[in-house]
Amino acid sequence: MNNNIKIIRSLAQELRRVSQNKSIKENAMLQYIMEQAHAHKETSQILCKAREELKNLAEMYLCYLKSQQACKEIHKQYSGKGERSIKETADLVGFKLPHDPK
């Protein structure tokens with residue numbers, strides 16, 4: 018059960034990061050997640066639902082949100098900005114330019 022709480026907290030943190038509304042009360046996605054967590058807590062034993070259903074679903078959404086954030090960061094870092102200088106291109110791929118021997 019403790020592991021499920023950690024996953025739900027991580028999921029809520031990721032949703033706050035990508036959401037426009039920082040407040041839990043105004044965020045419909047967070048409210049839905051909390052409602053589902055409470056519903057699964059009460060009915061997982063009674064209705065014979067899969068015991069790990071909530072955990073698996075939450076982990077899947079958490080992975081999706083983290084992947085979306087990583088994709089945005091990569092796109093921002095490597096997106097085309099027109100012409101780049103040779104030094105900027107070398108720095109982008111991790112190369113060093115030789116020094117001018119003057």
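Just so we're on the same page, the numbering used here is the position in the sequence shown counted from 1, plus 17.
We treat Cβ as the ideally placed atom computed from N, Cα and C, and that holds for glycine.
Computed from a predicted model, the values in this text were never measured in an experiment.
- The three-state secondary structure of N44, taken from DSSP, is coil.
- A straight line joining the alpha-carbon of L71 with that of A54 spans about 7 Å.
- In this structure I91 is exposed. Its beta-carbon is surrounded by fewer than 16 other beta-carbon atoms within 10 angstroms.
- Distance check between H116 and each of K104, V110 and L109 places K104 closest, using alpha-carbon atoms only.
- Distance from E69 to I24 at the Cβ level is roughly 11 Å; contact not present, criterion being Cβ atoms closer than 8 Å.
- DSSP places K104 inside the alpha helix (DSSP H), whose first and last residues are I103 to V110.
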